[in-house]
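In what follows, a structure is listed as structure tokens, so that the remarks can point back to it.
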Amino acid sequence: MGLFELAAIHLSSEPPRLKDAQLAIDALGYMVEGLGDRIGEHHDTLLAALGNIRLVYVQKSSPPPVS
Numbered sequence: 179m180g181l182f183e184l185a186a187i188h189l190s191s192e193p194p195r196l197k198d199a200q201l202a203i204d205a206l207g208y209m210v211e212g213l214g215d216r217i218g219e220h221h222d223t224l225l226a227a228l229g230n231i232r233l234v235y236v237q238k239s240s241p242p243p244v245s
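Now the structure itself:
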């Protein structure tokens, strides 16, 4: 989970360090999606975590809503 935590740190900084977060997220994605079921019993958990951190990235990289 080190890459997940690294991405979360970059996304939680002010301002968010999007390029650094993207690198960590991409690396995590290559591992989780590339290794697939070979990861074993933790595959589904890691896949869900990857989806969650990708969602946070999209939220942080999108412009704020117009009010």
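Start counting the sequence shown at 179; every next residue gets the next number (my numbering).
Don't be surprised by glycine CBs; every beta carbon is placed ideally from N, CA and C.
For clarity, every value in this text was computed on a predicted model and none was experimentally measured.
DSSP state of residue i mapped onto helix, strand, coil
i: His220; result: coil
i: Glu192; result: coil
i: Ser239; result: helix
i: Val244; result: coil
Residues near residue i in its chain [Cβ-Cβ closer than 7 Å; skip 5 each side]
i: Arg195; result: His188
i: Leu224; result: Val210, Ile217
Buried/exposed call for residue i, threshold 16 Cβ in 10 Å
i: Tyr235; result: buried
i: Val244; result: exposed
Candidates the options: closest to residue i by CA position
i: Leu184; options: Pro193, Leu206, Glu192; result: Leu206
Same chain, Cβ closer than 8 Å to residue i, five either side skipped, listed in chain order
i: Ser239; result: Pro194, Leu196
Own chain, CB closer than 6 Å to residue i, minus 5 neighbours either side, in chain order
i: Ala227; result: Phe182
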